[in-house]
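Data first, discussion second: the structure below is written as structure tokens.
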Amino acid sequence: MDYELHQVLDALKSLDSKQSEDELNDFFEILLKQDRELALEAINDERCSFSAFFMLIPKIELKNLQRGLNERNLYALNLYRNKVNRSGIKAAEESASAINALKWIVSTGIAGDGMSDIYDELMDAAVIRLIMTYRDTSVLPDAVRLIFLRNKRGSFSHDIVWAVFRSHSIDSLKLIAEYLLSPDRRDAEFSARLLYLKPPSDLMLAANKKLYESYLSWLEENGEFLYFTGDNFQRTSEPAFFKLNASAKYIGKPVSKRTGMPLGNLSDNELRTMNLFENAGEREKEALLAHSDRLKKNDPQAWEDFINSAFETQWAAAVSSREGSV
Numbered sequence: 148m149d150y151e152l153h154q155v156l157d158a159l160k161s162l163d164s165k166q167s168e169d170e171l172n173d174f175f176e177i178l179l180k181q182d183r184e185l186a187l188e189a190i191n192d193e194r195c196s197f198s199a200f201f202m203l204i205p206k207i208e209l210k211n212l213q214r215g216l217n218e219r220n221l222y223a224l225n226l227y228r229n230k231v232n233r234s235g236i237k238a239a240e241e242s243a244s245a246i247n248a249l250k251w252i253v254s255t256g257i258a259g260d261g262m263s264d265i266y267d268e269l270m271d272a273a274v275i276r277l278i279m280t281y282r283d284t285s286v287l288p289d290a291v292r293l294i295f296l297r298n299k300r301g302s303f304s305h306d307i308v309w310a311v312f313r314s315h316s317i318d319s320l321k322l323i324a325e326y327l328l329s330p331d332r333r334d335a336e337f338s339a340r341l342l343y344l345k346p347p348s349d350l351m352l353a354a355n356k357k358l359y360e361s362y363l364s365w366l367e368e369n370g371e372f373l374y375f376t377g378d379n380f381q382r383t384s385e386p387a388f389f390k391l392n393a394s395a396k397y398i399g400k401p402v403s404k405r406t407g408m409p410l411g412n413l414s415d416n417e418l419r420t421m422n423l424f425e426n427a428g429e430r431e432k433e434a435l436l437a438h439s440d441r442l443k444k445n446d447p448q449a450w451e452d453f454i455n456s457a458f459e460t461q462w463a464a465a466v467s468s469r470e471g472s473v
């Protein structure tokens, strides 16, 4: 039988699962004997998935097809060979080529995650390189999806969790929060754990939706004052992935997502106010923040006057406001 490219691609897609690995390799063997060029064209096609390519790697190496691979597949093959301690084939390392290959690995390989330990390590490596080497956060939706897929399987996800938070992107928190809405209890519980939220005891969808909406509202209010700590599951079973710089929020200064330090230069008064706020007791901080937040929302000009006044004056106003609301 003579095959057309679309027929080969349809076959690769239909056999793209661990259960069909032997059948996939048998089909590819037959195709190689009939039309070697068509076989190469098919695995180099943008519609060929990484999971199918991965299952064909032993056959690709056995039949010496490496030289016929495109840059995307050469990059993926080198990534694989590095994982199994074998020398790679010279391939382009330009950022654009590498990024495209890594995105292909993640986006088309996610359905095959769990196929083998090496496969999962390659998925980890692709996500980590995109985020840490190329600062590409477009992979975050798939990375977060991987985290929750693995959590349900009981598989290792610590490295991807680490990379997602190392992106220093507030979007990562929003993506994780979406799993609060999942009808699967495991998703909602793990999402709450990653975000330091206490999940509703009944985990009903209505309660989860309320928690989700409350969290998004909190994130909208506090996002520019949050920073990522670098903490991870390798250090502790309950890592603090991100924290709020309350003193920066108090004076209204956004912070660096990496360091937590306020962005831009601070006036002497701002520095003094931050220092006094940080040294206040927890109840005092709560009262000051509550008054500052309320004033900033309702009367920005009055807030400007308030935050530039002496700290003693600020404290007196906060106490008066708290007593008036009791």
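Here the working numbering = 1-based position in the sequence shown + 147.
Yeah, the Cβ is synthetic: ideal placement off N, Cα and C, and Gly gets one too.
The structure displayed is predicted, hence computed values, not measured ones.
Buried or exposed (CB count within 10 angstroms, at least 16 for buried), K396: With 16 or more Cβ atoms within 10 Å of its Cβ, K396 is classed as buried.
Using the rule of at least 16 other Cβ atoms within 10 Å of the residue's Cβ for burial, across every protein chain shown, is E193 buried or exposed? Burial call: exposed.
Let's see if you can read the secondary structure: which residues bound the alpha helix (DSSP H) around F295? Where F295 is concerned, the enclosing alpha helix (DSSP H) stretches over L287 to R300.
Output the distance between the C-alpha atoms of Y343 and H315, rounded to the nearest integer angstrom. Taking the straight line from one Cα to the other gives about 17 angstroms.
Taking a contact to mean a Cβ-Cβ separation below 7 angstroms, would you say E336 touches P346 in this structure? Yes, the Cβ-Cβ distance between E336 and P346 is below 7 angstroms.
State the Cα-Cα distance for the pair S476 and V466, rounded to the nearest angstrom. The requested residue 476 is not part of the displayed model; the chain covers only 148 to 473.
Residue of E433, C195 and N379 minimising C-alpha distance to W309: Comparing Cα-Cα distances from W309 to each of E433, C195 and N379, the minimum goes to N379.
Sorted by chain position, which residues of the same chain lie with C-beta nearer than 8 angstroms to F389's C-beta, five sequence neighbours on each side aside? The beta carbon of F389 sits closer than 8 angstroms to those of F312, L320, L373, Y374, F375 and T376, all from its chain and outside the five residues before and after it, given in chain order.
Just tell me which of H305, A393 and F197 has its CA closest to the CA of R382. Comparing Cα positions, the closest option is H305.
V291 to I275, Cα distance in whole Å? Answer to the nearest angstrom: the Cα atoms are 12 angstroms apart.
Mapping DSSP to helix, strand and coil, what is F458? In the structure shown, F458 sits in a helix (DSSP, three-state: H, G or I).
By how many angstroms is the C-alpha of R333 removed from the C-alpha of L352? Cα to Cα, the separation comes out at about 13 angstroms.
For G259, is the classification buried or exposed, using 16 other Cβ atoms within 10 angstroms of its Cβ as the cut-off for buried? Buried, because 16 or more other Cβ atoms sit within 10 Å of the Cβ of G259.
In the structure shown, what three-state DSSP assignment does F388 receive? When secondary structure is reduced to three states using DSSP, F388 falls in the coil class, being assigned neither helix nor strand.
Helix, strand or coil: how does DSSP classify L363 here? Residue state, collapsed to three classes: helix.
Using a Cβ-Cβ cutoff of less than 7 angstroms, which residues in the same chain neighbour K160 once the five nearest sequence positions on both sides are dropped? Correct list: empty, nothing qualifies.
Contacts around I278, its chain only, beta-carbon distance under 6 angstroms, and the 5 residues preceding and following it disregarded: Around I278: A310 and S314.
So, at 6 angstroms on beta carbons, what are the nonlocal neighbours of V473 in its own chain, with the 5 sequence-adjacent residues on each side left out? In this prediction, V473 scores a pLDDT of 43, lower than 50, which makes its location untrustworthy; the coordinate-derived value is nonetheless stated afterwards. Apart from the 5 residues on each side of it in sequence, V473 has no Cβ closer than 6 angstroms to any other Cβ in its chain.
In terms of residue numbering, what span does the alpha helix (DSSP H) encompassing Y374 cover? Segment L373 to F375 is the beta strand (DSSP E) holding Y374; no alpha helix (DSSP H) there.
Closer than 8 angstroms is the cut-off here; do at least three beta carbon pairs connect the stretch 436 to 450 with the stretch 400 to 409? No, the stretch 436 to 450 does not touch the stretch 400 to 409.
Tell me, to the nearest whole angstrom, how far the beta carbon of F175 is from that of L203; I am working on the premise that it is less than 8 angstroms. With 8 angstroms as the limit, F175 and L203 qualify as a contact, their Cβ atoms being about 6 angstroms apart.
If we ignore side chains and look at the alpha-carbon of each, how far apart do C356 and L341 end up? Before going further, note that residue 356 is Lys rather than Cys in the sequence given. Taken atom to atom, the span from the alpha-carbon of K356 to that of L341 is near 17 angstroms.
L226 and L179 closer than 7 angstroms at C-beta: At least 7 angstroms separates the beta-carbon of L226 from that of L179.
Using alpha carbons as the reference points, say which of Y281, L391, S384 and A354 lies closest to E368. In this structure, L391 is the residue among Y281, L391, S384 and A354 with its C-alpha nearest to the C-alpha of E368.
Whole-angstrom C-beta distance between Y281 and I257, which should lie under 8 angstroms: With 8 angstroms as the limit, I257 and Y281 do not qualify as a contact, their Cβ atoms being about 18 angstroms apart.
Are the beta-carbon atoms of I307 and D271 separated by less than 7 angstroms? The Cβ atoms of I307 and D271 lie closer than 7 angstroms to each other.
Boundaries (first-last residue) of the alpha helix (DSSP H) holding K400: In the DSSP annotation of this structure, K400 is not part of any alpha helix (DSSP H), being labelled neither H nor E.
Apply the 10 Å Cβ neighbour rule to P205 and answer buried if 16 or more other Cβ atoms are within range, or exposed otherwise. Sixteen is the threshold: since fewer than 16 other Cβ atoms of the shown chains lie within 10 Å of the Cβ of P205, the residue is exposed.
So, for L327: in the same chain, excluding its five sequence neighbours on each side, which residues have a beta-carbon less than 6 angstroms away from its beta-carbon? Once the five neighbours on either side are set aside, the close Cβ partners of L327 are A335, S338, N355, L358 and Y359.
Please state whether DSSP places P409 in a helix, a strand or coil. In the three-state DSSP reduction, P409 falls in the strand class (E or B).
Cα-Cα separation, Y150 to L171: Taking the Cα positions, Y150 is about 15 angstroms away from L171.
Is it the case that the Cβ atoms of R219 and G261 are separated by a distance below 7 angstroms? No, Cβ-Cβ distance for R219 and G261 is not below 7 angstroms.
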